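Quick note on the working numbering: the first sequence kicks off at 3 and runs consecutively.
From the three backbone atoms N, C-alpha and C, an ideal C-beta is built for every residue, glycine too.
Small disclaimer: the values here were computed from a predicted structure and weren't measured.
These notes concern the structure reproduced below.
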Amino acid sequence: LSLSLSNLICSKSARELIHKVDMETEKQNAIVEVELRRGPWTVEEDLILTNYISKHGEGRWNTLAKCAGLKRTGKSCRLRWLNYLRPDVRRGNITAEEQLLILELHSRWGNRWSKIAQHLPGRTDNEIKNFWRTRMQKHANQQCMPPLLERIRTVVDSSRAVMGVHTASASSSGRNGFSSSSATSNYDDHLDLKDMASTLEEEGWPEFPAHGCEGSMLGFWEFSAMGPNMYA
DNA sequence: AACGAGGTCAACCGCGCGTCG
DNA sequence: GCGACGCGCGGTTGACCTCGT
């Protein structure tokens, strides 16, 4: 079989055929590249996508892109919809409570942005990821973070205890000491972040006088860290 | 006013996983 | 079992914006 195959490939007509197929493939690829749009979305494209999804629903993104007449990949359409056009997307600054929650969840899960985003209604994983990279990672301060995270864990655990959620012995602990039982998951869905934030603020954590950090609550969070592994 | 540095964020890319024929 | 396809995720890029000099 291999002998006859090599004979075929070596023959003149076979080489011509292969060349012809290659040329055709290149031509097709070139057409696709010319037709597919990239980069920022226009208002018209946004309208087309929004209208199409409102009529037909989302999913099957590649088919959707073709049927809607958008010269975009399915991936691009999905991203645009999920991160920007979806009606329940929240825009604007990340609040102090949200920052606190991101900090706490990141200490538990690391860079699991989509998982973290599930706990911040209206926020996308992309937004949280960008927030972390630009506002937190940049100002990483290894001196400040470990004691703060330790305090957050204490506050969370004491709140859990008040609610009758057992964490220490009954459930398995994550790499940062947070439990992962179903009971705590239920609790986590109802974390009172305002209470937690005010508790920490009352304790003077935002100023961090003893650790050399300065600034307001918002400013403080900018001293946050790279991730759980940094101070593990 | 002009310019460069740094920050922000929308969009892209590559990879892995699940599903289906 | 296998390949094609769709989808979701995390990492990265690059255009645009802001601010300081």
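- The distance from the Cβ of R39 to that of R74 is about 6 Å, consistent with a contact at the 8 Å cut-off.
- In its own chain, leaving out the 5 sequence neighbours on each side, no residue places its CB closer than 6 Å to the CB of L49.
- Taking one beta carbon from each stretch, the stretch 89-98 and the stretch 123-135 have 3 or more pairs nearer than 8 Å; the two touch.
- Sequence-distant Cβ neighbours of K131 in its own chain, meaning closer than 7 Å and more than five residues away, are W115.
- Contact between I118 and L102 is absent: CB atoms are separated by about 12 Å, not below the 8 Å threshold.
- The criterion of a C-beta distance shorter than 7 Å is satisfied by R82 and W43.
- A residue is called buried when at least 16 other Cβ atoms come within 10 angstroms of its Cβ; E46 does not meet this threshold and is exposed.
- Per DSSP, the unbroken alpha helix (DSSP H) holding G76 starts and ends at G76 to R82.
- In its chain, beyond the 5 residues on either side, G76, K77, C79 and R80 have a beta carbon closer than 7 Å to the beta carbon of W63.
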